[in-house]
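Protein chains in written order, with numbering that gives the first Met the number 0: chain A, 0 to 343; chain B, 0 to 343; chain C, 0 to 403; chain D, 0 to 403. Have a look at the structure below before the remarks.
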Amino acid sequence: MDFTFDEEQRLAAQSLRELLNDHCQGSDLRRAANARDLPSFEAACATRRARLAELGLAGALVPAEQGGLGLGVVDFVLLAEEAGRAALPEPLVDVEGVAHPLLATLGELGESTLQETLVGSALVLSAAPGTTVLANAAFAQYLLLSRRDDELALYRASDISLTHRESVDPLRRLSEVALHDAKPIARVTGATTSSAWQAARARSTVLNAAQLLGLGARMLEIAVAYSLERKQFGKAIGSNQAVKHALADVMVKLEFARPVVYAAAATLAPVRVAHAAVAAAEAADRAARAAIQVHGAMGYSWEVDLQFYAKRAWALAGLNGGRSAQFAAVHQSLLRGELEAQWA
Amino acid sequence: MDFTFDEEQRLAAQSLRELLNDHCQGSDLRRAANARDLPSFEAACATRRARLAELGLAGALVPAEQGGLGLGVVDFVLLAEEAGRAALPEPLVDVEGVAHPLLATLGELGESTLQETLVGSALVLSAAPGTTVLANAAFAQYLLLSRRDDELALYRASDISLTHRESVDPLRRLSEVALHDAKPIARVTGATTSSAWQAARARSTVLNAAQLLGLGARMLEIAVAYSLERKQFGKAIGSNQAVKHALADVMVKLEFARPVVYAAAATLAPVRVAHAAVAAAEAADRAARAAIQVHGAMGYSWEVDLQFYAKRAWALAGLNGGRSAQFAAVHQSLLRGELEAQWA
Amino acid sequence: MAIDLQYTPKQHALRAEARAWLEANVPREPLPSYDTAEGFEAHRHWETKLHSDRWSMVTWPQEYGGRGLDLIEWLIFEEEYYRVDAPGRVNQNGVFLFGPILMEYGTPEQKSRFLPRLASGADIWAQVWSEPQAGSDLAALRTTAIRDGDDYVINGHKIWSTRAVYADWGFGLFRTDGASERHRGLSYVVVPLRTPGVTVRGIPQLDGESGFAEIFFENARVPVANRIGDEGRGWSIAMATAGFERGLMLRSPARFQRTAQRLIELYRREELTRREQQTAPIDPGVAATVTQCWMDAEAYALSTYMTASRLIAGGSIGAEASLNKIFWSELDLSMHRAALAILGARAELRGLAGVEGVALAKAADEATRWMDGFLFSLAGPIYAGANEIQRNIIADRVLGMPKG
Amino acid sequence: MAIDLQYTPKQHALRAEARAWLEANVPREPLPSYDTAEGFEAHRHWETKLHSDRWSMVTWPQEYGGRGLDLIEWLIFEEEYYRVDAPGRVNQNGVFLFGPILMEYGTPEQKSRFLPRLASGADIWAQVWSEPQAGSDLAALRTTAIRDGDDYVINGHKIWSTRAVYADWGFGLFRTDGASERHRGLSYVVVPLRTPGVTVRGIPQLDGESGFAEIFFENARVPVANRIGDEGRGWSIAMATAGFERGLMLRSPARFQRTAQRLIELYRREELTRREQQTAPIDPGVAATVTQCWMDAEAYALSTYMTASRLIAGGSIGAEASLNKIFWSELDLSMHRAALAILGARAELRGLAGVEGVALAKAADEATRWMDGFLFSLAGPIYAGANEIQRNIIADRVLGMPKG
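In structure tokens, the structure reads:
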């Protein structure tokens, strides 16, 4: 029993944080958000994308024998948190945390595509069966999509109908996805496929929870900074007890969501994963509301960077069934008498 | 549409308040609570009981042709609130609000008992079918009890097995009730009986809600007074924003529970009654918690009067199924699509 | 005349008349947002239409184009208005805030100059209170209106003016005595927003539209005749705007009851879908919130009826403005959060109104309405006096607790 | 050695050993409350029993009768302790608060004088901090201990001393410099509670028992040798007690996990009954709260394991004490409120333990346990520093916000 991250895990997160400090500040996000079309959006993100590629995270969760780094989700969770902190527009979590290891389960069928995407010359994304809208699909060359739980199919993005849709988060480029009669370039079926989808969904859920943690922490920082700077009735609003207590409560929510997310990443136990999603979404939502309210009318405006983090938090909170479905999952476990067996 | 109490309703409540100001202060309650046995408890309450009897409320909700005042529940709701405010130990609400009008539905069968209890020479109480514990039964000469919804039976208390039980509220003398083979002195059955029980339950629920309102308001007053008196770090604790906001929130809860309780009393519509029970219990519970916490460690002690009001609030909040069952009733109405039709 | 929650025949008749008129006249399709140029004009047209049958300002006296309705009648009208999802009132600042002030403090000339155009929608009014350094603290205002002959010369910077992007006129407080401090030396002045020296700039909101504006004044001249009430008396006139009626008129209970109803519809529809698809029911937390929201919307309505009855009976106003503000703003937020939780992943979709043949269009429209409402509700606890300030007011003025 | 949430073989072995010992030795029937004379002695006996097999203070060094366990091992022991509902620790003030202070600041003589008797339960210790005018504000203490030869002469009035009604000794802060103010001039002194000049009076609580006491000092004399650490240094010694370990040791996560488990059992049992009786299910609000409580109890446990791991790895403590205090106290209150809501009308019944053949006995026992827990949990947000003060600490010290 050792519930601490090791040096390597912490250093990797540190490197990503430094990169994002340089290339993913509010001004960078604003430039991308103001882009009128896809090419100018990509241009606004080009430098950061290049730096990210150099970081060597490709195939982080892909087994070493398939050319990846062979890491576990727990090795990736702090990276996801950093991506959240920065409201990173790039789908680092969706690709390295979810799609790549899923692609690797196709075995030989997906081998050439895996090699192509690992070296960064192409992007692969995945979406659980039943998904109709997918973020960042417009940038992908390959998509793992399926209509059924027990089928995993790899498509060329160009074979699929993708239509741009607006998200509340200006940095999430959504596409409505329609398979029509597209033919996959590889396809597997059967029970192991359905467990591969389940595992992908668990990774996605826990890593999104980690992003929400990062977003929440960032919004808390922004709120504190603003409360020190902004004066009302002649003193910094941050000296009001009501403001202090609201932000202290945000910190409580964040700090008790944190170990839940890490434990979920370490165990991938279904109840822990669902709990992580609930706790992180709740903490991030609380942070967003408190931060917007501390900003007073300012929090309501496009001009403050806070909006980027808040909108990302709202978008991520709905994924994989959303906070409500994950809460229901924990509740169902309770009704089935499964919760008592979690320890010892 | 006129949502104001009239002069007569307000004056009746005013009279009761004055009586209770004289005879139902914390010191009076404490004397009764310290009583070791039933006779000394009754002695501690004797003056107040005599004054209450003089108030002329007997048969308030009994039709005039049966010797009552012929009032409606809405005429009684402010009186119930005053009884709550004072944590009145006597079962004014249970007798005049619930049992007497229920007894009146027995018609000729209960006529002589009704006349006896209306002139105050005997006390009648009622308990919904299924009840095993009844407050103040030890003081009653007659009990309306039944094993079934569609049966209403009047018993002599002396024919029934009553065993003293402790309540968390030292001023509620509980009895465990067992009918065994007792023979009722009057008995009716049938559909009208079950609606009589339902009406009694609705009256009990809404008038208990009114008592909870009064209790909540009293606890808020006590908390405010204490916060002005008690100093910490050199200033009255009531000057702390955290304390102010907590008490302001109690007031919000109380003030928005109030019209719900009054509307429930005026209409006796099932959803409104359930809503009243939920709102009043929530407001009183909030008031109790805030008041205890404002009192700091003092709130935890037997020495402050606050305890009497808090304990009464906790006891009343569980009656008629309790806050939880009433909330469930509103929720069931929602699921059945009944809530949309409440207005216009 | 004890408590009686039955409507009178006259009240029933009013409801029937309002319902018939609204059903016949409310636009079939929702108007575009009044925070766009096109939507603003569409809403101005709706104001004119309302006014043509005296439904625009039903509580105003008949002589000014109203119906002289009392507060309960007004509540009934509002219930009908929200029942049919009639358009938002683009001129609500003029109708509910400025109009009543003008009737009380304006000169006969001012009334005849402003009221008819306000009533007909010919002039749409914006409120011009806040400044960058004075949010909830109006006494910290610094924008000056200095007398120069028959004019005031205005200099300064106002912000968070609702509707000001497209409105014709603004009303607000200006410092007419440059040397004064705090509450003293402020006057209540109305300003045309399309006049030299006045620059209006929209502030894009979280939802991308501009409901608020900044206004820059550089030697803008308005005649002294634009001052309402005495010079230096602006503070007390403005405070008369800040009481109960203001809170009530701008946040009628019907609005929250309608939202609660839409939330229940969303909940029941979703439950039905899940039963059909045999997936897990909605989580009990959201289920409980939906029920609680219905109860709170009812409580707010009942409370308003009770207050209205008391006012009609000659009673006076207590702490209702602060209590109401806290209650409705938290309710509104709670309802929208619950709706977004039910929508799940659909919640992030932005509207596709008018896009034909798109599978997502209905879901996206619904999501947009709830998300925009959510963003708006986030501001609820902020504007018109932060809830924390309302709690201070309750504690200080009602509960009698000491100032901090 | 990345994150690894598997227990080691050594940890498994410890768990097995503790489980076996506890199952063999824990009293079959719950002991009477330690706030009664009889219950106090029964609990003292249990302390002695624990100590006889070195389970009394498992984190103490072996030389003082402990097992030198690390924090994670301690957590495992606690899980087993609560799993079998073992008795509350009547000497917890001594074991977790005073013992560690004595080991760090005491002289060799003091250690050999106090530690063995503390460890064996021969002496039960009470904490003697608060005074009527100094609740959370310890620097406002006024009770004096003035040097007179080789003695201190104590005068004043302490209050809210837990366990003091029946305890043998008390530890606390006294003003040894009568002219000093605030934090200066305080010393850490231990006092026998059965000595001339010391009057202990129980304070009946909401549940009718006396968990707290007032202590009146009238020229009570204690030798100077009863001072722990230097004269006038009491404040910093006391503050060393107020950190993370204190909060953790007194509120081990296992306690809240056990309560959450009992709550879930209550909930499931009630659901079953209602299904059998075909009555409405438990309301969704309570259902959601039960689920949330389980999650929060888990979160608290995981958080503690994370902190313990960090401390074992040489890390230092941040704001955990304040964060934990807020979290567990609100969780504890929430669990008990949910239980009372499920119990409904049964909740008001007081215990009938030992009353034979009474139909209500089981329900009344269960209700009493939850109601007493509820009353206790109400104090949670108050004692050991009100939650509002903890929120100030987080805001001021961790978030770096300005003092009010």
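We put the CB at the ideal spot given by N, CA and C, even for glycine. Here the structure is a predicted model, which is why all the values come from computation and not from measurement.
Review point. Is V329/B helix, strand or coil when you go by DSSP?
Key: In the second sequence, residue 329/B corresponds to position 330, counting from 1. The three-state secondary structure of V329/B, taken from DSSP, is helix.
Review point. Can you tell which of F138/B, W196/B and F255/B has the C-alpha that lies nearest to the C-alpha of A152/B?
Key: Here the question's residue 152/B lines up with position 153 in the second sequence. Ranking the options by Cα distance to A152/B, first place goes to W196/B.
Review point. If you count every other CB in all the chains shown that lies within 10 Å of the CB of L338/B, and 16 or more means buried, which is it?
Key: Against the second sequence, residue 338/B aligns to sequence position 339. Its Cβ being crowded by 16 or more others within 10 Å, L338/B is buried.
Check your understanding: What is the residue span of the alpha helix (DSSP H) that H354/B lies within?
Key -> Nothing about residue 354/B can be reported from this structure: the residues present for chain B run from 0 to 343 only.
Check your understanding: In terms of residues, what are the limits of the alpha helix (DSSP H) holding K252/B?
Key -> Numbered from 1 along the second sequence, position 253 holds the residue referred to as residue 252/B. For K252/B, the enclosing alpha helix (DSSP H) starts and ends at Q240 to T266.
**Study point:** chain D within 9 Å of R257/A, Cβ atoms only
**Key:** The residue you call residue 257/A lines up with position 258 of the first sequence. Cβ-Cβ to chain D under 9 Å: yes for R257/A.
Check your understanding: So with Cβ pairs under 9 Å, would you call R171/A a contact of chain C?
Key -> Stepping through the first sequence from its first residue, residue 171/A is reached at position 172. Yes, contact with chain C.
Exercise for review: Measuring alpha carbon to alpha carbon, tell me which of V285/C, K402/C, F113/C and W159/C ends up nearest G321/A.
Suggested key: Walking along the first sequence from the start, residue 321/A turns up at place 322. For G321/A, the closest alpha carbon among the candidates V285/C, K402/C, F113/C and W159/C is that of V285/C.
Exercise for review: Excluding the 5 residues preceding and the 5 following A144/C in the sequence, name in chain order all residues of the same chain whose CB lies nearer than 6 Å to its CB.
Suggested key: Here residue 144/C corresponds to residue number 145 of the third sequence, with the count starting at 1. Scanning its chain for C-beta atoms nearer than 6 Å, with the 5 sequence neighbours on each side dropped, one finds around A144/C the residues Y151, I153, F173, T175 and V188, in chain order.
Check your understanding: At what residues does the beta strand (DSSP E) containing I202/D begin and finish?
Key -> Within the fourth sequence, residue 202/D is the residue found at index 203, counting from 1. In this chain, the beta strand (DSSP E) harbouring I202/D covers V197 to I202.
Practice item. Would you please verify whether the beta carbon of A287/D is less than 9 Å from any beta carbon of chain C? Key: In the fourth sequence, residue 287/D corresponds to position 288, counting from 1. A287/D counts as touching chain C.
Review point. Should T3/B be flagged as near chain C, meaning a C-beta pair shorter than 9 Å?
Key: To locate residue 3/B, count along the second sequence from 1; it is residue 4. So, interface residue.
Exercise for review: Measure the Cβ-Cβ separation of R349/C and A337/C and say whether it is below 9 Å.
Suggested key: Looking up residue 349/C in the third sequence gives position 350. Looking up residue 337/C in the third sequence gives position 338. With respect to the 9 Å criterion, R349/C and A337/C are not classified as neighbours on the basis of their beta carbons.
Check your understanding: If you measure from the beta carbon of T58/D to each beta carbon in chain A, is any gap under 9 Å?
Key -> Your numbering for residue 58/D matches position 59 in the fourth sequence. No - not a single Cβ of chain A is within 9 Å of the one on T58/D.
Check your understanding: Would W168/D pass as a contact of D122/D if the rule is Cβ separation under 9 Å?
Key -> The sequence position of residue 168/D within the fourth sequence is 169, counting from 1. The sequence position of residue 122/D within the fourth sequence is 123, counting from 1. Yes. Within cutoff.
Check your understanding: Quick one: is R396/C buried, meaning 16 or more other Cβ sit within 10 Å of its Cβ, or exposed?
Key -> Taking the third sequence and counting its residues from 1, one reaches residue 396/C at position 397. R396/C should be labelled exposed.
Review point. Given 8 Å as the limit, is there contact between the region 40-58 of chain C and the region 219-231 of chain C, that is, 3 or more CB pairs closer than that?
Key: In this structure the region 40-58 of chain C does not lie against the region 219-231 of chain C, because fewer than three pairs of beta carbons, one per stretch, are closer than 8 Å.
Exercise for review: Please look up how many angstroms separate the CB atoms of L271/C and I341/C, rounded, as I've assumed it's under 8 Å.
Suggested key: The residue given as residue 271/C occupies position 272 in the third sequence. The residue given as residue 341/C occupies position 342 in the third sequence. Actually they do not touch by this definition, with Cβ atoms about 12 Å apart.
Review point. Thinking just about the alpha-carbon of each residue, which of M294/D, R274/D and I388/D is nearest to the one in H274/A?
Key: As a first step, residue 274/A is located in the first sequence; it is residue number 275 there, counting from the start. Closest option to H274/A, judged by alpha-carbon separation, among M294/D, R274/D and I388/D: M294/D.
Check your understanding: Does the Cβ of G336/B have 16 or more other Cβ atoms within 10 Å, making it buried, or fewer, making it exposed?
Key -> Looking up residue 336/B in the second sequence gives position 337. With fewer than 16 Cβ atoms within 10 Å of its Cβ, G336/B is classed as exposed.
Review point. In terms of alpha-carbon separation, which member of G317/C, F170/C and T35/C lies closest to L398/C?
Key: Indexing the third sequence from 1 puts residue 398/C at position 399. When each option's Cα is compared against that of L398/C, the closest is G317/C.
Check your understanding: Mind checking if A307/C is an interface residue toward chain B, Cβ cutoff 9 Å exclusive?
Key -> Your numbering for residue 307/C matches position 308 in the third sequence. Interface residue, yes.
**Study point:** Contact residues within the region 230-262 of chain B, judged by C-beta distance below 7 Å to chain A
**Key:** Residues N239, Q240, A241 and H244.
Point to revise | Beta carbon proximity, M370/D to chain B, threshold 9 Å | key: As a working mapping, residue 370/D is identified with position 371 in the fourth sequence. Proximity of M370/D to chain B, defined by a Cβ-Cβ separation below 9 Å, is satisfied.
Point to revise | For I184/A, the three-state DSSP class (helix, strand or coil) | key: For the purposes of this step, residue 184/A is identified with residue 185 of the first sequence, where counting begins at 1. Reduced to three states, the DSSP call for I184/A is coil.
**Study point:** Chain-order list of residues whose beta-carbon lies under 8 Å from that of E317/B (same chain, five-residue window excluded)
**Key:** Locating residue 317/B in the second sequence gives position 318, where the first residue counts as 1. Here residue 317/B is Gly; the residue named in the question, Glu, does not match the sequence. So the list is empty, once near-sequence residues are dropped.
Exercise for review: Go ahead and label M238/D buried or exposed: buried means 16 or more other beta carbons lie within 10 angstroms of its beta carbon, across all protein chains shown.
Suggested key: As a working mapping, residue 238/D is identified with position 239 in the fourth sequence. By the neighbour-count rule (16 or more Cβ atoms within 10 Å), M238/D is not buried but exposed.
**Study point:** Runs of beta strand (DSSP E) lying entirely within the region 141-229 of chain C, each at least 3 residues, in chain order
**Key:** Taking only runs of at least 3 residues, the beta strand (DSSP E) segments lying wholly in the region 141-229 of chain C are 143-147, 150-161, 168-174, 185-191, 197-202 and 211-222.
Check your understanding: Among all the DSSP beta bridges, which residues are the ones paired with V123/A?
Key -> Here residue 123/A is taken as the residue at index 124 of the first sequence, counted from 1. In the DSSP secondary-structure assignment, V123/A is bridged to Y141/A.
Review point. Got a sec? Which residues, its chain only, sit under 8 Å from L28/A by beta carbon, not counting five neighbours each side?
Key: Your numbering for residue 28/A matches position 29 in the first sequence. Excluding sequence neighbours, L28/A sits near A86, P88, L170, D304 and F307.
Practice item. Determine, using beta carbons only, whether A264/A comes closer than 9 Å to chain D. Key: Walking along the first sequence from the start, residue 264/A turns up at place 265. Closer than 9 Å: yes.
Check your understanding: Considering only the beta carbon of each residue, do I184/A and R155/A sit closer than 9 Å?
Key -> As a first step, residue 184/A must be located in the first sequence, where it is residue number 185. As a first step, residue 155/A must be located in the first sequence, where it is residue number 156. A distance below 9 Å separates the beta carbons of I184/A and R155/A.
Practice item. Could you check which residue in E28/D, E180/D, E275/D and L322/D has the C-alpha nearest to that of R141/D? Key: For the purposes of this step, residue 141/D is taken as residue 142 along the fourth sequence, with counting starting at 1. Nearest C-alpha to R141/D: E180/D.
**Study point:** Terminal residues of the beta strand (DSSP E) in which R285/A lies
**Key:** Counting from 1 along the first sequence, the entry for residue 285/A is found at position 286. Note, R285/A: premise wrong, no beta strand (DSSP E); alpha helix (DSSP H) at P269 to V293.
**Study point:** chain B within 9 Å of G284/C, Cβ atoms only
**Key:** For the purposes of this step, residue 284/C is identified with residue 285 of the third sequence, where counting begins at 1. For G284/C, no CB of chain B lies under 9 Å from its own CB, so it is not counted at the interface with that chain.
Exercise for review: Quickly, what does DSSP pair L151/A with across the bridge? List them, please.
Suggested key: Within the first sequence, the letter at position 152 stands for residue 151/A. DSSP, once it has assigned bridges, lists V187/A as partnering L151/A.
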